[in-house]
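Asks: Counting from 13, one number per residue, gives the positions in the sequence shown under our numbering.
Note that beta-carbon positions come from the ideal geometry of N, C-alpha and C, so glycine has one too.
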Amino acid sequence: MPELPELEAIKEYLQKYLVKRRIEGLEILKPIVVRNLSRSDPSTSWVGRRFVAIDRRGKFLIFSVERGDHLVINPMLTGRLYWVPWEERRLAKTFFILHLEDGQDLRYVDDKTMGRAYFTENLSLVPGFAEQGPEALSPEVALEVFRERLKAHRGEIKGILTNQFFLAGIGNAYADEILWAARLYPFRRRPQLSPEEIERLYLAMRSVLKERIEIVRGQMGDDIHLKFRQDLAVHGKGGQPCPRCGNPISEVKVRNRATNFCRNCQPGIMIGRSRRLETAAESRVVR
Ligand SMILES: [Zn+2]
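1. With DSSP as the reference, identify every bridge partner of W95, one or two as the case may be.
2. So, do the stretch 59 to 74 and the stretch 30 to 46 have three or more beta carbon pairs nearer to each other than 8 Å?
3. For E147 and G230, what's the separation of their Cα atoms in angstroms?
4. Apart from the five residues on each side of it in sequence, which residues of its chain come closer than 6 Å, Cβ to Cβ, to N175?
5. Closer than 8 Å by C-beta to V298: which residues in its own chain qualify, once you throw out the five before and the five after it? Chain order, please.
6. From the DSSP output, in three-state form, read off A164 for me.
7. For V45, which of M88, R51 and L205 has the nearest alpha-carbon?
8. Can you tell me where the alpha helix (DSSP H) holding R218 begins and where it ends?
9. For ligand 1, I want to know if R256 counts as a neighbour, meaning its beta carbon is within less than 7 Å of at least one of the ligand's heavy atoms.
10. Verify the contact flag: N86, CB atom, against every heavy atom of ligand 1, threshold strictly below 7 Å.
11. List the endpoints of the continuous beta strand (DSSP E) containing Y130.
12. Once you ignore the five residues that flank Y29 on each side, which residues in its own chain have a CB closer than 8 Å to its CB?
13. With a threshold of 7 Å, establish whether the CB of N276 neighbours any heavy atom of ligand 1.
14. Thinking C-alpha only, which one of H237, R267, Y25 and E168 is nearest D123?
15. Any heavy atom of ligand 1 closer than 7 Å to the CB of N272?
16. Here's a check: name, in chain order, each residue in its chain whose Cβ is nearer than 7 Å to the Cβ of V27, leaving out the five neighbours to either side.
17. Quick one: grab the DSSP three-state call for V157.
18. Taking just the CA atoms, how far does S150 sit from P300?
19. Which whole-angstrom value describes the C-beta separation of Y186 and L16, a residue pair presumed to lie in contact below a C-beta threshold of 8 Å?
20. Relative to the C-alpha of M126, which residue among R92, R256 and W192 is closest?
21. If you draw a straight line from the alpha carbon of E294 to that of L103, how long is it in whole angstroms?
22. Assign I66 to one of three DSSP states: helix, strand, or coil.
Encoded structure:
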């Protein structure tokens with residue numbers, strides 16, 4: 013569930029509270045999400061060390077401790093971090109807990125066991141990490157760089173936006189928001205986009221992500237485990253009125269992912285196989 017804006021806000025929050033804090037213990041309750049890629053057992057080797065940095069790269073959070081070890085978390089759709097006192101009741105789906113000095117815990121909870129956490133000395137060992145494209149909000153990704161990178165992809169524009177090799181940080185929810193802001197049909201193929209439409213897409217990507225970071229930062233407080241998606245324009249809003257034109261927002265499930273968009277503001281038609289999938293999915297739309 014968390015994408016660039018939420019992870020950026022969580023990172024900033026944890027930088028404030030975790031950096032320099034000493035680890036008193038690491039309890040791995042359910043090893044299934046944890047991959048130890050380091051040479052030592054982190055549940056003993058991490059005790060007594062302090063956090064030195066918290067970073068984000070794409071949809072990964074990176075927790076670095078003294079002597080060069082990292083914990084890398086990719087929460088995928090259902091992973092959540094909790095920042096709570098030691099005595100707080102443990103949720104059933106708690107996978108591991110870092111006990112910190114001053115009685116605070118950082119806990120990883122994952123209702124559907126979809127996320128992954130890696131202990132490693134070398135970030136490039138983490139699957140999917142080194143291969144990521146540049147950050148979607150990186151100053152290096154100017155409009156011309158964006159145009160150039162798009163040329164390598166010929167598929168549907170929503171699929172490209174969520175492809176972490178194209179740009180890192182955008183998932184299903186913010187791709188819908190960006191495409192709505194850019195007034196582009198999510199299933200248009202990249203070669204069909206005009207230079208003007210690509211510019212609109214680029215500007216929408218930058219403004220939606222920046223605006224959402226501000227919003228999530230303002231709403232989050234200590235509740236780093238919550239999602240802050242109530243005030244999105246279209247994602248998760250199938251059947252509700254489009255905030256721009258009032259037309260009901262469509263919801264289409266293609267390849268197991270829900271896509272929300274406004275047929276009035278984002279006109280277009282699917283072609284070929286995808287069109288049959290869309291027609292089948294449209295009949296299941298809940299309004
Ligand atoms: Zn609309």
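Replies: The structure says:
1. What you label residue 95 is simply residue 83 of the sequence shown in a count that begins at 1. DSSP, once it has assigned bridges, lists L118 as partnering W95.
2. Remark: three or more beta-carbon pairs, one from each stretch, lie closer than 8 Å, so the stretch 59 to 74 and the stretch 30 to 46 are flagged as touching.
3. Counting from 1 along the sequence shown, the entry for residue 147 is found at position 135. Counting from 1 along the sequence shown, the entry for residue 230 is found at position 218. Looking at the two C-alpha atoms, the distance is approximately 22 Å.
4. As a first step, residue 175 is located in the sequence shown; it is residue number 163 there, counting from the start. Within the same chain, no Cβ atom closer than 6 Å to the Cβ of N175 is found once the five residues on either side in sequence are excluded.
5. Numbered from 1 along the sequence shown, position 286 holds the residue referred to as residue 298. The predicted position of V298 is uncertain, since its pLDDT is 37 and thus under 50; a value taken from the coordinates is nonetheless stated next. Contacts found: G250, G251 and E263.
6. One-based indexing of the sequence shown puts residue 164 at position 152. Coil at A164, not helix or strand.
7. For the purposes of this step, residue 45 is identified with residue 33 of the sequence shown, where counting begins at 1. Between V45 and the set M88, R51 and L205, the nearest pair of CA atoms involves M88.
8. Translated into positions along the sequence shown, residue 218 becomes position 206. Taken as a continuous stretch (DSSP letters only), the alpha helix (DSSP H) holding R218 covers P207 to M232.
9. As a position in the sequence shown, residue 256 is number 244, starting the count at 1. For R256, the shortest separation between its Cβ and any heavy atom of ligand 1 lies below 7 Å.
10. As a position in the sequence shown, residue 86 is number 74, starting the count at 1. No.
11. Numbered from its first residue, the sequence shown carries residue 130 at position 118. Annotation for Y130: the continuous beta strand (DSSP E) segment containing it runs R128 to T132.
12. Within the sequence shown, the letter at position 17 stands for residue 29. Excluding positions up to five away in sequence, the list reads W95 and Q116.
13. Taking the sequence shown and counting its residues from 1, one reaches residue 276 at position 264. Yes.
14. Counting from 1 along the sequence shown, the entry for residue 123 is found at position 111. The residue with the shortest Cα to Cα distance from D123 is H237.
15. Taking the sequence shown and counting its residues from 1, the one referred to as residue 272 is at position 260. No - ligand 1 has no heavy atom lying nearer than 7 Å to the Cβ of N272.
16. Translated into positions along the sequence shown, residue 27 becomes position 15. According to the sequence shown, residue 27 is Gln rather than Val. So the list reads I66, once near-sequence residues are dropped.
17. Reading the sequence shown from its first residue, position 145 is the one you call residue 157. Helix at V157.
18. In this structure the chain extends from 13 to 299, so residue 300 is not present and cannot be described.
19. If you number the sequence shown from 1, residue 186 lands on position 174. If you number the sequence shown from 1, residue 16 lands on position 4. That pair is a contact at about 7 Å.
20. Position 114 of the sequence shown holds residue 126. Of all alpha-carbon atoms in R92, R256 and W192, the one lying nearest the alpha-carbon of M126 is that of R92.
21. The residue given as residue 294 occupies position 282 in the sequence shown. The residue given as residue 103 occupies position 91 in the sequence shown. Because the pLDDT at E294 is just 47, under 50, the model does not fix this residue reliably, and the value given afterwards should be weighed accordingly. Annotation: E294 to L103 spans about 37 Å, alpha carbon to alpha carbon.
22. Position 54 of the sequence shown, counted from the first residue, corresponds to residue 66. Shown here, I66 sits in a strand according to DSSP, grouped into three states.
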